[in-house]
Each structure stands twice: as C-alpha cells, then as structure tokens.
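Just so you know, the protein sequences line up as chains A and B, in that order.
So in our numbering, spot 350 of the first sequence is number 352, and the numbers just go up one at a time.
So in our numbering, spot 296 of the second sequence is number 343, and the numbers just go up one at a time.
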Amino acid sequence: MNPRTPEARLGDGGLRRLIGRAADPRGAVVVLLIVILIAIVVLNPSFAEPGALMRFIQRVSPVAIVAIGQYFVIVSGEFDLSMGAVVTAQVMTAGHLIGEDDSKTVPVLIIMLVIGGVVGIVNGLATTLLKVPSFIVTLGTMLVIHGAVMWWTGGAATGNPAESFRQLGRGGIEGIPILGLLPYAVLILVAVTVFAVWISRRPFGRTVVAIGDNAEAVAFAGANVWRTKTLAFVLSSLAATVAGVLLAGYAGVHPSVGQGYEFTAITAVVLGGVVLGGGRGTVLGALIGAFTLESLFTLLNFTSVPATMRDAIQGAIIIAAVAYSGVVFAKKRRRPATSATTSPTNDQTDPSTTSAGTLSPIQLTGGDEAARK
Amino acid sequence: MRTQLRRLDTTALVYLALIGVLIIGAVLVATTGRNFFSPGNVRDILTGMSVLGFVAIGQTLVILGASLDLSVPYVMSLASLVAAQTMNGSDAMVLPAVLLTLVVTACIGLANGLIVTVLGVHGFVATLGVGLILKGYLDTNYKGTEGSVPWSFQLFGATGVGPVPISTIVMLALAGLVAFLLVRTRFGHHLFAVGGNSEVARLSGVRQRLPLIGAHIGSSVCAGLAGLLLASRLGVGSPTVGSQGSYDLLSIAAVVLGGTVLMGGRGSIWGTIGGVAIFAVLDNLMSVMQFNPFLKDVIRGLVIIIAVALYARRRVIARRIRFADAPPGPNIATGAVPERDLEIDRDLETDGDLETDRDPEAEREGSRG
C-alpha cells in the first residue's frame, strides 16, 4: 500500500532479488556451476543420467574433501601448501604398508590418520607458537613430507593396495534403485560435508572465522587462538588423508597422485567465495567451488579445447572470480558511505521481495524498517 | 647475551648462518678427504647461486610490496623459449632476442601488477592465475625444447673470471642496482611504505599502485633474466625448465630465509642474496656428500622452517628500534605493529611497552574516522 517505493512501481522484486543474489560472488559461482552443468548436458546428454552423475560426484569427491579441509585453514587467515604432499604421502603409505594383505587395511588406516594428525599439529604449532608464516611452514612440511616419502619408497609406483582398501575409493553399494551404484566416495563426501558444516556452526567454526577476521580481537575476547588454528590445520591434514584414501582406491598408487592438489584446493576455495586472508567464506562455498572447478574441467573434456589449455582456463577463471568478488565487496562497502539516502530503500527490497510489493503487511514492515533508519 | 643477539641486524644474522653452514660444510667434506673450498667447488656453488639469485631478487621486490609472485617458473620457461627461438643460432640476433625477452617479461609483470593493484586481486591468486595461463600456453604450443642459442650467448653461462662465473657477477651487479633502487630512490621508499601499510601510505600521499606495479615488472624481468641464463646454459629453450626447479616456492623461501618479512615492508636484497647463498651451499654440500635427492628436499624443508622460526622470534625488535625515537602519539602511523610484539617483548624496557600499547589503539582510531 505504499506506491512510492521503487519495487512497487517495478513490481518484479522477486526477480530483482534473484538477480541480486546471482550478482553476489557466492551466488555467482552457483550460477556458473549451473551454467556449466547445463552446457555439459547439452554436449553430452548421458551426463544427466543418475549413474553418470554419481560417477562425476565420485570423481570430484577427493578434490571437494581437500577443498573443505583447506577452507578451515584459509578462513583462519593461513595457507596449507602441504596438502598435496600429504595426499601423495598417504597414497604411497597405503600402497607400501597394506600390500596384498587384507587384514592390514584397518591398522594402516589408523596409521594414516595418525600421520595426518601429526602433520596438522606440526603445521599448526609451527605457525602459532613459533610464529613462522604458515606459507613458509607448510612449504617446508611439503618438502619434508614429499622428500621423506619418496626417500622411503624410492619414488617408484608400487603394487596397488589390497582390494578391501581400494573399495573405499572405487567401490560402492550396489543395487540401489535409479542410481544403480552408490559409490562409497559419495557417502564419505556427504559425511565430511555434514561434519564440516556442523563444526563450522559450532563455537570452533565461528572462532576460526573470527580469527581470520581479526586474531587480536579474538585473543582479547578470551578465545584460544593457537589451539583453534592448530585444530584447523589438523582438520586440513585429515581431509588430505581422507582424500588420499579415496585416491589410492580410485586412481591407484603412484607418486604423482596428489601433485598440485594444494593449488587446486586453494583455487576451488577461492572460487567458492572464501577470501584469502581469512574471515569470510563458508564450507558450502568451498564445496561448490570444488564442484564448479571440476565440472569446468569436465566441460573442457567434452569440447575441442586441448587438455593442456585446462590450466590456462583455470588461471583465468580464478583471477576473474577473485576480481569480481573484490569489485562487488568494494561496492557494497562503499554504498552506505557515498549514497546514504538510497541505502535504506535498497535494504528494503530484501524483506518485501517474495510478494513483490502486492501484500500490504510485508510492505509495511519494509516501510517501518526504513522509517526506523 | 640474548638481547644482544636480538639487537643484531637480520641481514648480519643471515650471513652468520651462512658462515655456519660453510664451516659445517667444510668440516663434513674434509672428513671425506676433499676440499670444500677448491676452486672447482666454489665455482659450482656460485653457479648454483646465479639462477635462484636472479629470481629471488625479483621476488624480494614483490614480497617487500606485500605481494607474491608465483608465476616466475613459467615466465622463466617462456623467456628461455622466446630467447632461443629469436636467436635461432645466429650471433646477430642475440641483442634483439635479449631485448624482446625483456619486453615480453616486462609485459607479463605489468599484467600481474595491474591485476593486483587495479582489480584488487590478492597477489597469490593473481600470479598463480597468470602462471597457470602461461603454463597452459606453454604446454599447448611447445612439445619440447626449441630454438637454439649461438655460442657467443652460451658464453654468458659458461665463462668466468677465475672461479667466479660471469652470470654470478651479473646477478650480484643486479642485486647492487636493486639494493640502490630500494634504499636511495623514491620508488624504493614508496615500495617499503606500501608494503608496510598500504592504507597509511595512501594517507601519506604515496600512490599505492605505481610501486607495486613496478615491483611486479621487476620480478618478471628478473625471472626473464634467469630464463635467459638457463637458455644460455642449456643452449636451447625449454618449456619446463622453470617449473622443474620449482623456482616459485624456492625463491620465496630464499627471500624469507634472507630475513624479508612475508607480509611486506621489511627486508633487504643483501639478506636475500645471503638466503640464496645458504641454499646454494646446502645444495652443493648435499651433492658433494652424495645425499639421496629426496633426502635433500627433507633437509631443505627443515632448514626453511627452523631458520625462519629463529628469525620470527627476533625480527620484531628490529621493527621497533626503527620507531623508538619517534614521539608517541596518534600522529605516528606506524601501522601494522603486530600484536605479537606484546607477547614477545614483555621482557624489554617498560617505555617500549607503553609505546606498543598505544600504537594499535591509535591505528584503530584512525581507521574508524
């Protein structure tokens, strides 16, 4: 009942809100993902079949899990460059220790988790207590882990681990209606995602984001900065371990497995709207970033673009994504300062958009809010 | 004793560490009955310094400006290819090829700098992205080594004065030039200012973008020089010569090992050269002792972490001495005095503590207004 408000005149607030959401960097990556998926389906209609989709998710799982792990470190304002080396180390460990012996699967899995935890603790403590920049710490641990594993194994591919171990990465539950095969990797990805989302809403997750924003303020507020950051590094290394387990099954044991995963993970996380330097971003953003990146690669496989251009496109995309989110965030920050008079009406569009200015109660609340401001 | 050690200039500490590594090396090599300081070995060490030295000089510029350059390995590969293809074995083309290479690399640096400053993309992401674009270009268009370098240009990487290779002399001359630029010119001062605190630099009337763009151009050109040197050593251009050496991460490690702060605003070229020398001596030592190549990586990684952990404890004091004479108050925009000062320096004089207590508050006041 307030005809002077802009959205009442336009009458398409829902659409505008949708466009506004899509223009937001975090929304933009979802739009990008949907566009890429549609393009893949157009080029290759069989991709939309449930079975093929499941296999796609199975293939993305390791990258997505690594990205989720990297998320916790990046959002706390640090880097973890050692993830790729941890993945390689875990794959080689599995290949060397399990061998053809099925009974060793569980003990070696435990050993791998312990290795992952120890790497995370070392990264975290060196960053927080020794005050070495995490970039340098994890660069160092990357060299150490990679070198140590190659030294131990001789740097050669060995036989694949026992079949029961490989099932985790390549097998699945069979006989599911519609899907056919539900890969274990997909289940593990779902479990990791649920756990990560849950923990990111717990005090720990909130503290990690706060530390990334302003570690001093968090320390003054009484939180334990070094313990939280160390835990973030542990989560990251454990995620790399899980990815290693999946890759050992899916891709087999080879010293090149896991190479470059740290940069892929950082690319995925940044693509998902997580800001380098910390303090802003979500687990689901990182997940969507990983899916966007991998579906982009899948799309390139279906087109005539040479495989070697994959890197170039990844590079261009990551720059564009970060530049775009930077521009949008800068605009958002500037808006209240330069155009104070217009900002209340801008805010007002949000609560009232569902019904596009036709229902009076919602319109009134919008007006009230504007009046209060 | 401890405070004395802390007072020591970081660069001096780097060179003390270098002397320590040299002594350890000499003793270890002597146990096998050889001479670590034989002319041949000294030449090997200095040769090992030159390529990483060029890259690290450029990387120092960028890191001083609180950015990073991860594109250097691909810039090096591209530079070696451009040079080798343009020369194509003819002596007359040496100069044009070198100039063309420098122009191409400067353009890449300009692109890096513009993406970082104008688009506001984090240096890590910007240069990673540009590096990936270059990698895609190289992988798509080159299947293997190409071009050839005439003998006259190969001499650049092959000859020397006594045990000192020409390439190392050129590298040290470049280090001197860049050190002069940093300490004596407006560009250098502005780069330090922008790297220390971009916002404060802007408020002080410094154009934030120009020094950083200049630093990125410098970094790419330095990487281009390293690529030229590699081309002259190999005699051909190679699309993988840069990424094989993982010069991006090693150069960053060398810069930080040399006492430059990764967050920008503090550091020196001579520290970087010291860091590069430590790496070169370690590498040479491990080669002479015939270590497993993978074990080399382990030791390199450990040295990086331990060395930087040692500096991280005492680097803070160097920042404070710089501002100790300034009157306390909101007018000193020292900016990023890290909060860790408070923890580490609690055992120091009380007036210093007062000052650090005040600074962050003044900064916060400033940013609010």
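All residues carry an ideal CB built from backbone N, CA and C; glycine is no exception.
Can you confirm whether residue i, when its beta carbon is compared against all beta carbons of chain B, has any partner nearer than 8 angstroms?
{"i": "residue 149/A", "result": "yes"}
{"i": "residue 88/A", "result": "no"}
{"i": "residue 317/A", "result": "yes"}
{"i": "residue 228/A", "result": "no"}
{"i": "residue 85/A", "result": "no"}
{"i": "residue 325/A", "result": "yes"}
{"i": "residue 308/A", "result": "yes"}
{"i": "residue 224/A", "result": "no"}
{"i": "residue 143/A", "result": "yes"}
{"i": "residue 54/A", "result": "no"}
{"i": "residue 146/A", "result": "yes"}
How many Å lie between residue i and residue j at the Cα?
{"i": "residue 281/B", "j": "residue 275/B", "result": "10 angstroms"}
{"i": "residue 212/A", "j": "residue 116/A", "result": "28 angstroms"}
{"i": "residue 300/B", "j": "residue 316/B", "result": "14 angstroms"}
{"i": "residue 241/A", "j": "residue 70/A", "result": "7 angstroms"}
{"i": "residue 101/B", "j": "residue 78/B", "result": "33 angstroms"}
{"i": "residue 80/A", "j": "residue 235/A", "result": "9 angstroms"}
{"i": "residue 50/A", "j": "residue 77/A", "result": "34 angstroms"}
{"i": "residue 315/A", "j": "residue 170/B", "result": "18 angstroms"}
{"i": "residue 188/A", "j": "residue 60/A", "result": "5 angstroms"}
{"i": "residue 197/A", "j": "residue 117/B", "result": "33 angstroms"}
{"i": "residue 87/B", "j": "residue 291/A", "result": "52 angstroms"}
{"i": "residue 227/B", "j": "residue 239/B", "result": "13 angstroms"}
{"i": "residue 163/B", "j": "residue 173/B", "result": "6 angstroms"}
{"i": "residue 61/B", "j": "residue 305/B", "result": "6 angstroms"}
{"i": "residue 190/B", "j": "residue 161/B", "result": "31 angstroms"}
{"i": "residue 168/B", "j": "residue 108/A", "result": "45 angstroms"}
{"i": "residue 110/A", "j": "residue 122/A", "result": "18 angstroms"}
I need the DSSP call for residue i, collapsed to helix, strand or coil.
{"i": "residue 161/A", "result": "coil"}
{"i": "residue 113/A", "result": "helix"}
{"i": "residue 180/A", "result": "coil"}
{"i": "residue 212/B", "result": "strand"}
{"i": "residue 102/A", "result": "coil"}
{"i": "residue 246/A", "result": "helix"}
{"i": "residue 377/B", "result": "Bear in mind that the predicted position of residue 377/B carries a pLDDT of just 46, short of 50, making it too unreliable to give a figure here."}
{"i": "residue 64/A", "result": "helix"}
{"i": "residue 246/B", "result": "helix"}
{"i": "residue 86/B", "result": "helix"}
{"i": "residue 143/B", "result": "helix"}
{"i": "residue 135/A", "result": "coil"}
{"i": "residue 207/B", "result": "strand"}
{"i": "residue 229/B", "result": "helix"}
{"i": "residue 296/A", "result": "helix"}
{"i": "residue 265/A", "result": "helix"}
{"i": "residue 143/A", "result": "helix"}
{"i": "residue 257/A", "result": "coil"}
{"i": "residue 26/A", "result": "coil"}
{"i": "residue 418/B", "result": "Any answer about residue 418/B is impossible in this case: the structure gives chain B only from 48 up to 416."}
{"i": "residue 113/B", "result": "coil"}
{"i": "residue 56/B", "result": "coil"}
{"i": "residue 84/A", "result": "coil"}
Can you find a C-beta in chain A that's less than 8 angstroms from the C-beta of residue i?
{"i": "residue 294/B", "result": "no"}
{"i": "residue 187/B", "result": "yes"}
{"i": "residue 349/B", "result": "yes"}
{"i": "residue 162/B", "result": "yes"}
{"i": "residue 339/B", "result": "yes"}
{"i": "residue 352/B", "result": "yes"}
{"i": "residue 288/B", "result": "no"}
{"i": "residue 57/B", "result": "no"}
{"i": "residue 167/B", "result": "yes"}
{"i": "residue 360/B", "result": "yes"}
For residue i, which residues in chain A fall below 8 angstroms Cβ to Cβ?
{"i": "residue 263/B", "result": "Residues of chain A passing the Cβ test: none, with the nearest at roughly 14 angstroms."}
{"i": "residue 309/B", "result": "135, 137, 138"}
Could you tell me which chain A residues have their CB closer than 7 angstroms to the CB of residue i, listed as they occur along the chain?
{"i": "residue 171/B", "result": "278"}
{"i": "residue 176/B", "result": "317, 318, 320, 321"}
Give me the chain B residues within the contact set of residue i, using Cβ-Cβ distance strictly less than 8 angstroms, ordered along the chain.
{"i": "residue 313/A", "result": "179, 180, 182, 183, 186"}
{"i": "residue 152/A", "result": "341, 344"}
{"i": "residue 157/A", "result": "341"}
Residue ranges of each beta strand (DSSP E) within the region 284–364 of chain B, 3 or longer: none
Runs of alpha helix (DSSP H) lying entirely within the region 166–204 of chain B, each at least 4 residues, in chain order: 170–188
Ordered list of alpha helix (DSSP H) runs contained in the region 169–230 of chain A, each at least 4 residues: Fully enclosed alpha helix (DSSP H) runs of 4 or longer: 186–203, 205–215, 217–222.
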